[in-house]
Structure formats: C-alpha cells, structure tokens
Amino acid sequence: MDALERDYVQSRTVEIVACNLCGSTRHTPVYRMPDRRFFPQDFFTVVECCECGLGFVNPRPSTAEIQKHYPLEYFEQPATKSHERYLQRRFSAEASYLRAIESGGAPRRLLDVGCANGDFPRFMAACGWIVEGVEISESSQRIQDFRVHTQEFQDIAVTEPAYDAVTAWAVLEHVHDPMAYFHKAAKVLKKNGLFVFLVTNFQSVASRYLFCEDVPRHLHFFTRETIRQYLDATGFALEREDNGRNIYKLAPVNWLSYMLRTCLKRRKFSFEDVPLTHREFRARHNLPRGLRASLKYAVYHPASVIDRMLWPAIETAQILRKNYGISTYVARKL
Ligand SMILES: [Zn+2]
3 MDALERDYVQ
13 SRTVEIVACN
23 LCGSTRHTPV
33 YRMPDRRFFP
43 QDFFTVVECC
53 ECGLGFVNPR
63 PSTAEIQKHY
73 PLEYFEQPAT
83 KSHERYLQRR
93 FSAEASYLRA
103 IESGGAPRRL
113 LDVGCANGDF
123 PRFMAACGWI
133 VEGVEISESS
143 QRIQDFRVHT
153 QEFQDIAVTE
163 PAYDAVTAWA
173 VLEHVHDPMA
183 YFHKAAKVLK
193 KNGLFVFLVT
203 NFQSVASRYL
213 FCEDVPRHLH
223 FFTRETIRQY
233 LDATGFALER
243 EDNGRNIYKL
253 APVNWLSYML
263 RTCLKRRKFS
273 FEDVPLTHRE
283 FRARHNLPRG
293 LRASLKYAVY
303 HPASVIDRML
313 WPAIETAQIL
323 RKNYGISTYV
333 ARKL
C-alpha cells in the first residue's frame with residue numbers, strides 16, 4: 003500500500019477486507035480504475051484472491067460511504083416507449099428461468115432481491131405468482147401493491163423456508179457480503195426451490211481487462227468456479243449456467259485498442275490507455291451532441307469507431323466460447 007492509499011484508508015471511509023468466499027487475506031492486484039460515472043477522481047483497486055480466485059474491490063468504500071456512489075440519477079430510467087419494450091423483453095427472459103417450477107398446483111411464492119421499483123415482481127404477479135421484494139434504496143418507497151422488505155437481504159424478518167424461488171438480477175456484485183446473501187437464500191427457500199441470479203463474469207475480457215465493470219458499485223467479481231464454491235458452501239446444487247446477453251449486456255468496449263496495445267505493442271493495457279468515450283470527448287472539447295462532434299470523435303479515436311462496429315461479432319464469438327461478460331445461474335436448494 004502506498005502513502006496515498008494509507009491516508010485514504012485512515013480516512014475511515016474505506017475498509018480493507020479479506021476474501022468474502024474463503025477468508026484469505028492473500029490477493030494480487032488485477033487493475034485500477036476510477037468511478038467513471040460519478041467521481042472520476044476516485045480510484046479503486048480490483049484484486050484477485052490467491053486462494054480461490056474471487057475478484058473484489060480492496061480497499062473498498064464502507065457501507066456508509068458507498069451511498070455517495072449511488073446518487074439519485076443512478077436510479078433514473080428513461081420513460082420512453084423503447085425502454086418500456088426493452089424491460090418487457092428483459093422480464094420475459096428472466097421469467098423463463100422460473101417456468102420449470104410454475105406448472106400446476108397452488109400459486110408459487112417468489113422473493114425478488116434488489117427489486118428496485120418492483121417492476122419484475124409485478125410482471126411475475128401478472129403470471130400468477132405471489133410476490134415479495136427486497137430493496138434498500140428509496141425506490142422501494144413507491145411500492146404499494148406487494149410486500150417489500152427494506153433491509154439488507156440477510157437482515158429481513160423471514161427466517162423459515164417460505165419461497166419457491168429467490169431471484170437476484172445483477173445484485174450480488176453490488177453487495178458487501180455476498181456469502182450472507184447465499185446463506186440467506188438457502189434459509190428462506192423451500193427444499194428444491196430455485197435461486198436464480200445474474201452476475202458479471204470475471205473470466206470475460208470486458209470484466210477483467212477492458213474496465214467495463216461499474217466500480218465501485220460493483221464490489222465483487224465472480225467466475226463459474228467461484229460461484230460453484232459459494233453454492234457448495236451454502237447447500238445448493240448448480241443446475242444451469244447461461245452465458246450470454248439476453249438479459250443484460252456487457253459489451254467488449256475498447257477491445258480493439260486493448261488488442262492493439264497488448265498483442266502488437268506487447269504493452270500492458272491500463273486505465274490511462276482507455277480512449278475517451280464519446281460523452282467524455284464532448285465534455286472535454288465542449289462540443290454539443292451532433293454530427294460535428296461525431297466526426298471529430300472519429301478523427302481523434304478511429305479505433306473506437308471501428309471497435310464499435312466489431313462488437314456484435316466479438317460478442318457472438320465470446321458467447322460460443324462461454325466467456326461473455328454476463329452469466330445467469332440457476333441453483334437448486336438441497
Ligand atoms: Zn478467496
């Protein structure tokens with residue numbers, strides 16, 4: 003740890019942690035990057051556990067400090083028709099994972115962890131499920147039509163096997179203690195109930211090398227091996243892993259710049275080598291959105307423009323090789 007980092011830790015807004023999966027304190031740095039969305043001056047280090055391979059931000063903002071990295075605009079969603087269509091497609095894809103336990107009998111009970119404004123549980127209620135949610139952000143306050151627990155998942159009052167399914171869409175990478183979430187899911191699920199969750203994939207080039215993770219809102223980075231270990235430790239059997247982009251995407255942004263630097267120049271690709279995004283470019287050059295800005299950006303960053311055209315092909319290749327940036331897991335409570 004250098005002097006700057008030590009000062010930062012002593013400010014008590016951050017904490018140094020052991021591996022959440024195996025408890026080891028031995029880890030190696032993987033990369034450094036800032037909070038690109040809201041605090042570009044705040045840098046964080048992502049490390050990898052030497053024992054089990056779990057990735058995590060370390061040192062990391064404490065549970066109190068992390069709130070500042072979730073300003074109100076983080077929760078804002080565009081109220082457009084196309085966003086509405088996107089949500090319907092996403093919910094249908096998410097719901098397809100629950101179909102296996104839907105057929106016949108009494109209505110099934112679902113707990114959606116990290117339910118935001120409640121749209122996914124509402125979608126499932128329309129499919130005949132009895133739904134509840136867990137949400138600690140203020141977006142839970144607007145939910146009137148079903149029960150919402152407003153504590154961290156491990157602290158909710160339910161302690162017996164009450165649900166047929168627990169879902170967590172892009173939640174576990176955000177929390178300080180994923181192990182507590184796995185334990186709690188095991189506790190509140192009925193025998194043979196399903197725990198369905200989506201996380202980013204630390205084995206993908208986007209997550210590991212291209213600075214595409216939403217640090218420090220993303221605090222943990224999982225692989226299929228570390229997920230398997232979490233499930234083994236908490237009484238689940240892994241039934242299925244889908245690696246793909248049908249629910250969320252993690253595009254391989256700047257793949258071309260990364261390949262040019264690491265393969266041709268044989269140099270490390272660090273955050274300082276990442277080309278400006280179109281938005282960052284406009285802000286730096288004080289340009290309004292439009293054709294002039296786009297042309298100027300293409301002249302300054304031709305690799306980024308070509309890169310953008312390559313994404314669909316690269317993503318397809320990654321999905322075929324099962325190393326795309328997003329994975330959905332289905333685990334059965336034993
Ligand atoms: Zn570990």
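Every letter in the sequence shown is one number past the one before it in this note's numbering, and letter 283, counting from 1, is 285.
Note that CB positions come from ideal geometry on N, CA and C, so glycine has one too.
{"Check": "HIS29 - containing beta strand (DSSP E), residue span", "Outcome": "29-37"}
{"Check": "Straight-line Cα distance separating PHE273 from PHE213", "Outcome": "7 Å"}
{"Check": "With 16 other Cβ atoms within 10 Å as the buried cut-off, status of ASN356", "Outcome": "The requested residue 356 does not occur in the structure, where the chain is confined to residues 3 to 336."}
{"Check": "DSSP beta-bridge partners of ILE340", "Outcome": "Lying before the first or after the last residue shown, residue 340 is absent from the chain, which here runs from 3 to 336."}
{"Check": "Among GLY292, THR47, LEU233 and VAL332, nearest to THR30 - alpha-carbon criterion", "Outcome": "THR47"}
{"Check": "Exposure of TYR88, with buried meaning 16 or more beta-carbon neighbours within 10 Å", "Outcome": "exposed"}
{"Check": "Under 8 Å between C-beta atoms of ARG316 and LEU252", "Outcome": "It is Ile, not Arg, that sits at residue 316 in the sequence shown. Contact: no."}
{"Check": "CB of VAL115 within 8 Å of CB of THR169, strictly", "Outcome": "yes"}
{"Check": "Simplified DSSP state of PRO218, which is helix, strand or coil", "Outcome": "coil"}
{"Check": "Cα-Cα separation between GLN90 and ALA295, rounded to whole angstroms", "Outcome": "33 Å"}
{"Check": "Nearest-angstrom beta carbon gap, PHE122 and PHE93 [assumed within contact, 8 Å]", "Outcome": "6 Å"}
{"Check": "The segment 199-206 contacting the segment 38-47, beta-carbon criterion three pairs below 8 Å", "Outcome": "no"}
{"Check": "Where LYS270 falls: helix, strand or coil (DSSP)", "Outcome": "coil"}
{"Check": "Reduced DSSP category for GLN338 - H, G, I as helix; E, B as strand; rest coil", "Outcome": "This structure does not reach residue 338, given that the chain is present from 3 up to 336, and the question cannot be answered."}
{"Check": "Closer than 7 Å: LEU174 CB and nearest ligand 1 heavy atom", "Outcome": "no"}
{"Check": "Residue nearest to GLU215 in terms of C-alpha spacing, selected from LEU112, MET126, VAL198 and VAL32", "Outcome": "VAL32"}
{"Check": "Residue closest to LEU196, alpha-carbon to alpha-carbon, out of ALA97, ALA285 and LEU266", "Outcome": "ALA97"}
{"Check": "For TYR331, three-class secondary structure by DSSP", "Outcome": "strand"}
{"Check": "8 Å contact criterion, which TYR183 and LEU113 should meet: CB distance rounded", "Outcome": "Their Cβ separation, rounded to whole angstroms, is 12 Å, which puts TYR183 and LEU113 out of contact at 8 Å."}
{"Check": "Inter-residue Cα distance where the pair is PRO304 and TYR260", "Outcome": "14 Å"}
{"Check": "Environment of CYS51 [buried if 16+ CB atoms lie within 10 Å]", "Outcome": "buried"}
{"Check": "Ligand 1 site residues, beta-carbon cut 5 Å against heavy atoms", "Outcome": "CYS21, LEU23, CYS24, SER26, CYS51, GLU53, CYS54 and LEU56"}
{"Check": "Residues bridged to ILE321 (per DSSP)", "Outcome": "DSSP output for ILE321 lists no bridge partner at all."}
{"Check": "C-alpha gap between ASP275 and GLY106, whole angstroms", "Outcome": "56 Å"}
{"Check": "Whole-angstrom C-beta distance between ALA172 and PHE148, which should lie under 8 Å", "Outcome": "So it is not a contact: roughly 21 Å between Cβ atoms."}
{"Check": "DSSP bridge partner residues for PRO63 (one or two, in chain order)", "Outcome": "VAL16"}
{"Check": "Pair within 8 Å by beta-carbon distance, LEU174 and GLY237", "Outcome": "no"}
{"Check": "Closest residue to GLY120 among SER209, ARG111, ALA108 and VAL133 (Cα-Cα distance)", "Outcome": "VAL133"}
{"Check": "Integer Cβ distance of LEU280 from TYR302, believed to fall under 8 Å", "Outcome": "The question names Leu, but residue 280 in the sequence shown is His. Contact doesn't hold; Cβ gap of about 10 Å is too wide."}
{"Check": "Under 8 Å between C-beta atoms of LEU100 and THR228", "Outcome": "no"}
{"Check": "Beta-carbon proximity list for ARG334, same chain, < 7 Å, skipping 5 on both sides", "Outcome": "ASN194, LEU196, PHE238, ALA239 and GLU241"}
{"Check": "DSSP beta-bridge partners of VAL198", "Outcome": "THR169 and VAL332"}
{"Check": "Alpha carbon of GLU104 to alpha carbon of ARG263, nearest angstrom", "Outcome": "50 Å"}
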